[in-house]
Structures are given as C-alpha cells and as structure tokens.
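There are 2 protein chains.
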Amino acid sequence: MNKAIATQERLLSEARNLLWSRGYANVSLREIAQGAGVDVALISRYFGGKRGLFDATLTDAFEIPDMADEAALVETVLQLFCDAPRDGNAGPSVLQLIQTNGSDPEVGEQVRTAHAEGMQNKLEALLDDTVRAALFMSVIMGFAMGEKTLKLKGIADVGSPEFEAQLRHLMVSALAFRADTNVPDAKQI
Amino acid sequence: MNKAIATQERLLSEARNLLWSRGYANVSLREIAQGAGVDVALISRYFGGKRGLFDATLTDAFEIPDMADEAALVETVLQLFCDAPRDGNAGPSVLQLIQTNGSDPEVGEQVRTAHAEGMQNKLEALLDDTVRAALFMSVIMGFAMGEKTLKLKGIADVGSPEFEAQLRHLMVSALAFRADTNVPDAKQI
DNA sequence: CCAGCAAGTCAACACACGTTGACAAATTTT
DNA sequence: AAAATTTGTCAACGTGTGTTGACTTGCTGG
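Residue numbers (the numbering used here), protein chains in the order written: chain A, 34 to 222; chain B, 34 to 222.
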C-alpha cells in the first residue's frame, strides 16, 4: 500500500507539471504516464480518469496564507504566484494554471473557483476597495503573462531576480491605485 | 467561383469565433463546419486542414494603426483589444485569442508573433521605455483576463461602459509608470 | 446542347485518445 | 508456507478526431 501512493505522487507531480503548464486539452494521459514511468491504466485505476487526475492536482493545490498588511501582501503574493511552491523544485505556477486552463470549457470554472476566489476574498478583506483588489491581481497576472504568452520585451525571465524586482515595483504601484482617484483624462496627457 | 469564397468566409468567421474564444485544441473541425452550415471536407479542401484554417484567421487578423500620441494610444488600444473589430458584429477579441492559445504548444508561437510583436514595436516607438511599454500591455491583458478567466469581482463585464471606463483609467495610470521611478519599498507602505 | 470544370456531398480511412477487463507479479496477512 | 490482497502489465475496445478520395450536382462557355 505504501508503494501505491509513491507512484500516485509521481503521477500527480508529472500531471501538475504538464497539465498546468500546457493545458488540460493539450496533454494526453499516455504522455503523463510515460513521464512518470507508470502504465497508463493506473491513472484510471487510481484517480478514476483524466478529470480525476486533474482534480487531484487542484485539491491540495495551495493554501492562501494570511497577509497581515500590504507589505506582507506583496512578498506573499510574489512568492505564491511566481515561484512554484511545490515539493522543493520548480514547476508551473498558479498563474500558468489559470492561464492555460482558465478558458477551457471543461475545467475552467473549477480552476477559477479553486484559486481566484479565495485569493480575491483575502485581498478584499485586506484592501478596502474591490476594484483595487481586482487591479492588484490583474497586474500580477498581466505581467507574468506578458513574459509567458506574449514574450514582451523588457520583462525579465520569470524566476530571475530582475523579474522579481520589476513585479514588486509594479505591485507597489498598483497598491497606490484608487478607483476614485482623479486621473488626467486621456485627451490631456 | 463567387459562391466558394462566400462559404470560405462563413468558415473563417465561425472558425475565428470558436478557435479564438475557446482555444485551438478545444474545438473540432466538425463543430466549425456545422456552425457554418458547411461540410467538414471543405475545410481541408479550401484551407488545407485545421491548422491552415486557423492560420487564415490570423493573416488578415488585424492591422495595427498608427498611434500619434499617448492620448490616441489609449483610445486605439481600447477599441482594438476590447471590441472585436470584425465584420460589424461582435466576436472574440485579440485578447481572447492570446489568452486561449498563447500557451498552446502548437500554435502559441504563431499567435505571439502575429500580434504581440507588432504591437510592442509600435508601443516602443511611441513610448520611450521598453519596460513601460510592456507594462502598458500587461495592464490591458491582465485586466481583461481578470474578468474573463478569473471572474474578478469589481471588474465590469467586457463590453460594458463601466469596463471601458475602468480600463481607460488603468491605462492612463500605467502610462504614468516609470521603471526608474522611486517607489516606496514594500516594507514601508 | 453538351463538354468541362467548379462546388459540394458522402463514406471511409488511419490514428490517437480515454477507458476497461483479464491476467501476472509482488507483497502482505493468516 | 499458503492464501489473499494489493500492485502492476498487457491488449483490446469504443469513440472522436483530421484527412482523403470517389462521387454527384450545378453552373458556364463553346
């Protein structure tokens, strides 16, 4: 019985790496099984199928810690979203998960509610404005996506110290945003 | 011969709607053909296959107009990215295209270079800072994604007047960003 | 009118996918 | 040591996919 959970975890790890980074529809079970060095049939046996395997990568996905103040918030989110906080070595981040599967007709809703909602709630509790909280998350997602899916020049590689510095700078800027602030009209810039 | 291009364009329109909004791997040719009221075989005949059909939705996808100054930039990008500027009626936006297909192992690279690069170049020519240009695009993408894939509370529905107002506000804020600006350290907020 | 070609239809192919059940090997329990 | 249960292997199934080729229909030019 102990050996079984070892292979289950190898499957889980490989599934998370592949499904989160490339998207549910773009990865086959045979590829996951091969990567984990396990027979394909065991996936259906242990997790009840592809969907069950994906679900399993979400259940223990990540617990949103308490963020005492805005300063701690920045550091927490930075580590939480950009580093992959999983079993020591690097892997796809929560951002990648949302990005690759957020619009999937099958698993999208689940991904959203599994992560974004809890995050948003904590954010709103700490910050005072819903729009500001949303903006804060948008900046993080947009910036990380800018490097990952848009390959925007000027944005450093994810994981590099420069990236962390850039993103930290942006997050602090975003926190200074207020929905009701009078921003000069576009015509007047 | 005139009738052929009519069905070709019905196929193109349906393909753009489905492939852009739900992702390349999540839509089958039979679904596209059925939506266009056309036999499946004609897709391979006219476009050489699924990939060819997708390519065709990109080639004439969108021309990036000149943006004279930052004020025009805001309005142009707003219309370009959020409204779908295609044959009158609404459809998936360029943002959705990048979002749903940006991480696809097969078509991702093409999507990136087709749109993001040209945009970034024009942005850099107008603005003076690469990071600032990247941030500008990040804010747009992140904000739209916040509504679409994260369902962030506080962000209005895409297409609504509120959404436009919020996004315009953010874009103007983003333009005020400078990479070298001294932002208070997170610890000091 | 009718040959020639474009436009569309239909059925079938080969392939990859997720899934299942029968079987063998290994490990634990009695 | 024998029985029982767990763990892993293998081959096959059914289904949906993209693609192809042979076929029929409709139109147009000589």
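All residues carry an ideal CB built from backbone N, CA and C; glycine is no exception.
Model, not experiment: these values are computed from the prediction.
Query                                                                                                                           : Result
Contact list for Met170(A) against chain B, beta-carbon separation under 9 Å                                                    : Gly175, Gly179, Leu183, Leu185
Alpha-carbon to alpha-carbon, Ile97(B) and Leu52(A)                                                                             : 34 Å
Residues of its chain near Pro118(B), where Cβ-Cβ distance is below 6 Å and the 5 sequence neighbours each way are ignored      : Because the pLDDT of Pro118(B) is 49, which lies under 50, any placement of that residue in the model is unreliable, and the number read from its coordinates should be weighed accordingly. The answer is none, since no qualifying residue turns up.
Chain A contact residues for Leu160(B), given Cβ-Cβ distances below 8 Å                                                         : Those within 8 Å of Leu160(B) in chain A number zero; the least Cβ separation is about 10 Å.
Ala149(A), DSSP secondary structure in three states                                                                             : helix
Contacts of Val164(B) in chain A (Cβ-Cβ under 8 Å)                                                                              : Gly187, Ile188, Gln199
Terminal residues of the alpha helix (DSSP H) in which Asp88(B) lies                                                            : 83-92
CB contact check: Ser136(A) to chain B, cutoff 9 Å                                                                              : yes
Within 9 Å, strictly: CB atoms of Ala69(A) and Glu47(A)                                                                         : yes
Chain A residues whose Cβ lies nearer than 8 Å to that of Ala58(B)                                                              : Gly56, Ala58, Asn59
Residue span of the alpha helix (DSSP H) that contains Gly247(A), given as start and end                                        : This structure leaves residue 247(A) out entirely; chain A is present only between 34 and 222.
Closer than 7 Å at the beta carbon, the chain B residues around Gln153(A)                                                       : Leu185, Lys186
Beta-carbon contacts of Leu208(B) that lie in its chain and below 6 Å, excluding the five residues immediately before and after : Glu103
Amino acids of chain B, ordered along the chain, whose beta-carbon sits closer than 9 Å to that of Gln132(A)                    : Gln132, Gly135, Ser136, Met178, Thr182
8 Å CB neighbourhood of Asp190(B) in its chain, flanking five on each side removed                                              : Glu180, Phe196
Complete alpha helix (DSSP H) runs within the region 40-87 of chain A (minimum length 4 residues, chain order)                  : 62-69, 74-80
Proximity to Pro138(A) [Cα-Cα], best of Ile38(A), Ala177(A), Tyr57(A), Lys36(A)                                                 : Tyr57(A)
Span of the alpha helix (DSSP H) around Ala101(A)                                                                               : From DSSP, Ala101(A) is part of no alpha helix (DSSP H); its letter is neither H nor E.
Gln228(B), buried or exposed, once every other Cβ within 10 Å from all chains shown has been counted against 16                 : The structure shown does not extend to residue 228(B), since chain B is modelled only from 34 through 222, so no value can be given for it.
Closest Cα partner of Phe176(B) within the set Ser171(A), Ala37(A), Glu108(A)                                                   : Ser171(A)
For Ile38(B), the three-state DSSP class (helix, strand or coil)                                                                : helix
Short Cβ contact (9 Å threshold) for Ser54(B) with Arg55(A)                                                                     : no
Status (buried if at least 16 other CB within 10 Å, exposed otherwise) for Gly187(A)                                            : buried
9 Å Cβ cutoff met for Met174(B) and Leu183(A)                                                                                   : yes
Proximity of Ile131(B) and Val110(B) at Cβ, strictly below 9 Å                                                                  : no
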